[in-house]
Each structure stands twice: as structure tokens, then as C-alpha cells.
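If you count the sequence shown from 1, position 83 lands on 180 in the numbering used here, and the numbers rise without skipping. We put the CB at the ideal spot given by N, CA and C, even for glycine. These figures come from a predicted structure and were not determined experimentally. Let me begin by presenting the structure, written as C-alpha cells, before commenting on it.
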Amino acid sequence: TNPATLATHLIATHLHPRAILVAGAAGGSSKHTDIARVHLIDRAYYHDRRIPLPGFDTYARGPEPLHHSDQLAAAFGATIATISTGNAIDTLPAELDFFNTHNITVKDMETAAIAWTANLHAIPTLALRAITDFYDHPTPETQFLANFKASLDALAHAVAQGIDSVISPAATAN
């Protein structure tokens with residue numbers, strides 16, 4: 098998450114983008130998604146930031162809002178989902194509980210950090226994630242390696258299909 102925060106800050110301060118599109122691989126819930134399915138993310142949590150002090154939960158866990166709409170999801174051929182960001186590919190039992198509590202379908206290692214930084218700079222940010230593995234499976238790293246190419250092919254197709262919706266000034270006005 099730290100490199101994503103720094104990279105987003107540098108992009109924001111030096112390139113001044115009108116919007117940011119985050120596109121990449123992620124894990125997903127075996128009950129709520131499929132391998133190579135592409136999701137447009139509505140909000141991003143942090144599942145491994147734990148600050149057990151009153152009033153700090155929202156700061157520690159989020160969520161960070163992301164730019165999304167049913168029209169954008171349709172343009173990308175994506176399903177709207179909620180993501181949680183952390184610093185490990187494996188998933189702890191307490192994190193699975195967190196995912197269930199917050200209806201998390203997708204898990205990655207960057208989106209919440211990018212959204213937080215972009216929100217500080219008031220830059221609308223969209224996130225597309227293609228599912229490579231199931232975070233509730235005993236060996237997500239094996240699935241990740243086996244499904245990486247197919248998932249990124251699906252992601253590339255989705256980006257090519259929907260990018261004009263992002264480039265259009267009306268798409269980022271909301």
C-alpha cells in the first residue's frame with residue numbers, strides 16, 4: 098500500500114490528472130464472484146489496519162469512496178463491488194469476518210491507498226479489478242499464478258470497451 102500512496106501523490110502533484118483509472122488483478126470471494134470477472138469498485142476499506150481506540154475505526158478501516166455508476170459498470174462490462182486493501186495475499190480469519198461484515202467481494206493490495214491519496218487531491222478515481230484467485234481458498238497464490246493471464250486479458254478487454262466512457266467529460270462530472 099505504501100508504494101501506491103506515494104505513486105498516486107506524485108501523479109497528482111506532477112501530472113494533475115482530471116481522473117485516475119486503477120486497473121489490475123485482485124482476489125475475490127468464491128461465493129460472490131468468478132475467476133476473470135471484472136468489477137468496478139464503489140468503495141475501498143483497509144482490512145489489516147487495526148487501531149483499537151474509540152473513534153479511530155473509520156480512519157483506520159475506511160471506507161474510501163470511488164467514482165462509480167451503473168452506467169460506467171455497464172460500459173466496462175463490469176459488476177459493481179466493494180473492495181478491501183491489505184498487505185498480504187493470504188487472509189486471516191478475522192479478515193474474513195471483516196469481509197462478511199462489510200460485504201467485501203474483492204481483495205487487493207492498492208485500491209484503498211490510491212483512493213485515499215486521490216481523494217486528498219480531489220481527483221475522481223475509478224478502480225477496475227479482475228479476479229485471479231479466491232481469498233477464501235486455502236492456496237490463493239496458486240490460483241493467482243494459474244489465472245493471472247486470463248484475468249488480465251478480461252481486464253484489458255473491459256478497459257478497451259469502456260475507456261471512452263471515462264474520457265468523456267460527462268463521465269467524471271458526477
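Among the options, nearest to residue i - alpha-carbon criterion
i: residue 102; options: 251, 184, 245; result: 184
i: residue 203; options: 250, 126, 118, 113; result: 126
i: residue 272; options: 161, 232, 189; result: Outside the modelled stretch of the chain, which goes from 98 to 271, sits residue 272, for which no answer is possible.
i: residue 244; options: 124, 105, 119; result: 124
Euclidean distance between Cα positions of residue i and residue j
i: residue 218; j: residue 107; result: 11 Å
i: residue 255; j: residue 234; result: 26 Å
i: residue 216; j: residue 178; result: 19 Å
i: residue 164; j: residue 226; result: 14 Å
i: residue 109; j: residue 229; result: 29 Å
i: residue 134; j: residue 251; result: 7 Å
i: residue 232; j: residue 167; result: 26 Å
i: residue 194; j: residue 116; result: 33 Å
DSSP-derived helix/strand/coil call for residue i
i: residue 249; result: helix
i: residue 187; result: coil
i: residue 106; result: helix
i: residue 136; result: strand
i: residue 242; result: helix
Sub-9 Å separation of residue i and residue j beta-carbons
i: residue 182; j: residue 98; result: yes
i: residue 142; j: residue 180; result: yes
Beta bridge counterpart(s) of residue i as assigned by DSSP
i: residue 159; result: For residue 159, which the question treats as bridged, DSSP gives no partner whatsoever.
i: residue 231; result: 125
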